[in-house]
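Accompanying notes for the structure given below.
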Amino acid sequence: MNVLFVSPEVNPLVRTGGLGDVVGSLPISLKKLGVDVRVICPLHRECQEIESQLLDQKITLELNDKPIEASIRQARLGNRDIPAYLIDLPQFFDRAGIYSDEGGDFHDNAQRAFALCQAALQLEKVTSWRPHIIHAHDWMAAPVCGYLNALQMDLPEASKIRSVLTIHNLQHQGVFSYEDFLSSGLPDSSWALDGFEKDGSLNLLKGGIQNADKITTVSPTYAQEIRTPSYGCGLETSLQYRGADLIGILNGIDQENWNPQKDSSLVHSISLSRPKAGKVACKIDLLNEFKLDAKVEAPLFGVVSRLFEQKGLDLLIEIMPQLMAETHASFAILGSGSSEEEQAFRDLSSSFPNRIGSFIGFDDGLARKIFAGSDFFIMPSRFEPCGLAQQYAMRYGSLPIARRTGGLADTIETQKDGAKQPNGFLFNEPTPKALWDALKEAIEVFANNRKFTQMRKNALSKKCDWDEAAKEYINTYNWALGKI
12 MNVLFVSPEV
22 NPLVRTGGLG
32 DVVGSLPISL
42 KKLGVDVRVI
52 CPLHRECQEI
62 ESQLLDQKIT
72 LELNDKPIEA
82 SIRQARLGNR
92 DIPAYLIDLP
102 QFFDRAGIYS
112 DEGGDFHDNA
122 QRAFALCQAA
132 LQLEKVTSWR
142 PHIIHAHDWM
152 AAPVCGYLNA
162 LQMDLPEASK
172 IRSVLTIHNL
182 QHQGVFSYED
192 FLSSGLPDSS
202 WALDGFEKDG
212 SLNLLKGGIQ
222 NADKITTVSP
232 TYAQEIRTPS
242 YGCGLETSLQ
252 YRGADLIGIL
262 NGIDQENWNP
272 QKDSSLVHSI
282 SLSRPKAGKV
292 ACKIDLLNEF
302 KLDAKVEAPL
312 FGVVSRLFEQ
322 KGLDLLIEIM
332 PQLMAETHAS
342 FAILGSGSSE
352 EEQAFRDLSS
362 SFPNRIGSFI
372 GFDDGLARKI
382 FAGSDFFIMP
392 SRFEPCGLAQ
402 QYAMRYGSLP
412 IARRTGGLAD
422 TIETQKDGAK
432 QPNGFLFNEP
442 TPKALWDALK
452 EAIEVFANNR
462 KFTQMRKNAL
472 SKKCDWDEAA
482 KEYINTYNWA
492 LGKI
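Residue numbers (our numbering): 12 to 495.
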């Protein structure tokens, strides 16, 4: 089976977050199962130094009824034998950013998305390799499903390439104008209630949902949530309509890249069977890193997050003074985003310098130190399609404390729910009081060394690789091809 991933980002070539991680990891597990999987994404400025080979033949895209010539470069997905095709089109992709820069979103993001999708459908011309499945990822790749249907309208069913669309975060939809739609080269019929039109605007993700043969999202719970008005972000009607073709497949993580026994960022490796020595050493190192009181006997909570409303860290900010007054807990916080939340964490660190450490920005090595050195990891998200951070935390022996939503509900098992091997804590309502109660429960468990040690071992032994997900995606591809 031949599968082409279409994505605006792919790790380790270029990434901004979880989308790039998934597109960089899933193909590795698919290849192990015999799938000929390849990836196409733009040649962004930050991946121009990657070793690649310029393919001989150029492709011609059509935007605003004008031809645009582009080249394709072939690279590899890291050190894996998986081809990655890079669209060399400087006028659209040679920029300091994937979707935006300091001035905000790029004004021509719609045209950049159309260029990516048209290039994906012309890849066969320059490689002589034909996919059976085109797997589009999120809004920027979603139009490829509409282009594919328009191109294949008159072909016999047996010869058609099928499409799968994965929704990584429904909040990001790619909303533009009708004039942007006219620039796409899509047929007029694609502008319709069952196409790319939503409330008089162009909605790229909706167009993908309406046109894809099958739709996946990144956890079973999120697949159910997004069919409701509370989580559907205005697209719940489309998702209900396509409900029979929509499933949730839980993301995994790259367990080789996230390996506490081999991670060079850590001061001490962490054994899966006897983690105490490594965890204590990493905790002391983390306390020193943030210049906090080195009290190993007190619970240490970690945060690695973007600071936006979705992530719910405002709930933590509200109860921090009370936590300082009524507990002995310390906090190590890494994140950036909302200027208000950034300043709030700075102010808390200034008020409680020995117990609250904050680093505004992002640092991969520091993130790994927080996963390894913290006793607990906080994710009070208002919604979370899958979440990778809670899986990284468990992999490094930090017990997650999270709201019961999306992939958090699918990966964290609690004693209150009767789990035989509880590995974390969940709370239901996105309120400061609910988070407070969950944190207090965690502190009580920390005081019970036997229970805490067992939960830590449960977290460390949690299987979270891509193998099972890859099998489910192969089933989805066969489903799209009509083989099951």
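All C-beta atoms in this analysis are idealised placements derived from N, C-alpha and C, irrespective of residue type, glycine included. The structure displayed is predicted, hence computed values, not measured ones.
For residue i, which option in the options has the closest C-alpha, if you only look at C-alpha atoms?
| i | options | result |
| --- | --- | --- |
| residue 321 | 279, 396, 41 | 396 |
| residue 52 | 237, 110, 353, 44 | 110 |
| residue 384 | 312, 434, 367 | 312 |
| residue 15 | 489, 332, 343, 94 | 94 |
| residue 499 | 85, 71, 86 | Residue 499 lies beyond the range of the chain shown here (12 to 495); nothing can be said about it. |
| residue 26 | 372, 54, 13 | 54 |
| residue 390 | 132, 445, 293 | 445 |
| residue 221 | 237, 230, 201, 231 | 201 |
| residue 66 | 484, 85, 249, 74 | 85 |
| residue 235 | 492, 394, 449 | 394 |
| residue 388 | 230, 412, 374, 370 | 412 |
| residue 121 | 139, 74, 136 | 74 |
| residue 132 | 457, 340, 162 | 162 |
| residue 90 | 267, 427, 449, 422 | 267 |
| residue 398 | 12, 208, 32 | 32 |
| residue 472 | 183, 480, 282, 278 | 282 |
Would you mind giving the Cβ-Cβ distance between residue i and residue j, rounded to the nearest angstrom? I have them listed as a contact below 8 Å.
| i | j | result |
| --- | --- | --- |
| residue 477 | residue 40 | 4 Å |
| residue 410 | residue 366 | That belief does not hold up - the Cβ atoms of residue 410 and residue 366 are roughly 19 Å apart, past 8 Å. |
| residue 148 | residue 18 | 4 Å |
| residue 326 | residue 352 | Going by Cβ atoms, the distance from residue 326 to residue 352 rounds to 11 Å, so no, they are not a contact pair. |
| residue 21 | residue 34 | 4 Å |
| residue 380 | residue 296 | 7 Å |
| residue 28 | residue 233 | Not a contact, Cβ separation roughly 16 Å. |
| residue 173 | residue 256 | Contact flag wrong, Cβ pair sits at about 11 Å. |
| residue 344 | residue 356 | 6 Å |
| residue 475 | residue 406 | 7 Å |
| residue 488 | residue 144 | 5 Å |
| residue 408 | residue 301 | No, residue 408 and residue 301 are not in contact; Cβ-Cβ is about 19 Å, not under 8 Å. |
| residue 204 | residue 482 | At roughly 36 Å, the Cβ-Cβ gap does not stay under 8 Å, so residue 204 and residue 482 are not in contact. |
| residue 347 | residue 372 | 5 Å |
| residue 271 | residue 280 | 6 Å |
| residue 88 | residue 50 | 6 Å |
In the structure shown, what three-state DSSP assignment does residue i receive?
| i | result |
| --- | --- |
| residue 310 | coil |
| residue 389 | strand |
| residue 416 | coil |
| residue 237 | coil |
| residue 214 | strand |
| residue 57 | helix |
| residue 203 | coil |
| residue 293 | helix |
| residue 317 | strand |
| residue 457 | helix |
| residue 396 | coil |
| residue 430 | coil |
| residue 251 | helix |
| residue 442 | coil |
| residue 232 | helix |
| residue 259 | strand |
| residue 329 | helix |
| residue 13 | strand |
| residue 436 | strand |
| residue 81 | strand |
| residue 64 | strand |
| residue 225 | strand |
| residue 190 | helix |
| residue 381 | helix |
| residue 177 | strand |
| residue 209 | strand |
| residue 20 | coil |
| residue 70 | strand |
| residue 410 | strand |
Let me see if you follow: with CB-CB separation under 8 Å, is residue i close to chain C or not?
| i | result |
| --- | --- |
| residue 26 | Absence of chain C from the displayed structure is noted, only one protein chain being present. |
Does at least one heavy atom of the ligand ADP sit under 7 Å from the Cβ of residue i?
| i | result |
| --- | --- |
| residue 351 | Of ligands this structure carries none, so the ligand ADP is not represented either. |
**Message:** Restricting to runs no shorter than 4 residues, where is the alpha helix (DSSP H) found entirely within the stretch 85-155?
**Reply:** 101-104, 120-138, 149-152
**Asked** When the Cβ atoms of the stretch 142-160 are set against those of the stretch 124-132, are three or more pairs found closer than 8 Å?
**Response** yes
**Request:** Decide if the stretch 256-269 is in contact with the stretch 431-444; the criterion is three or more beta carbon pairs, one per stretch, under 8 Å apart.
**Result:** no
**Meets three-Cβ-pair contact criterion under 8 Å: the stretch 425-433 and the stretch 235-246** = Touching, no.
**Message:** Which complete alpha helix (DSSP H) runs does the stretch 336-370 hold, if anything under 4 residues is left out?
**Reply:** 350-362
**Asked** Should the stretch 212-219 be called in touch with the stretch 178-188, which here means at least 3 C-beta pairs below 8 Å?
**Response** yes
**Runs of alpha helix (DSSP H) lying entirely within the stretch 23-50, each at least 4 residues, in chain order** = Listed in chain order, they are 29-43.
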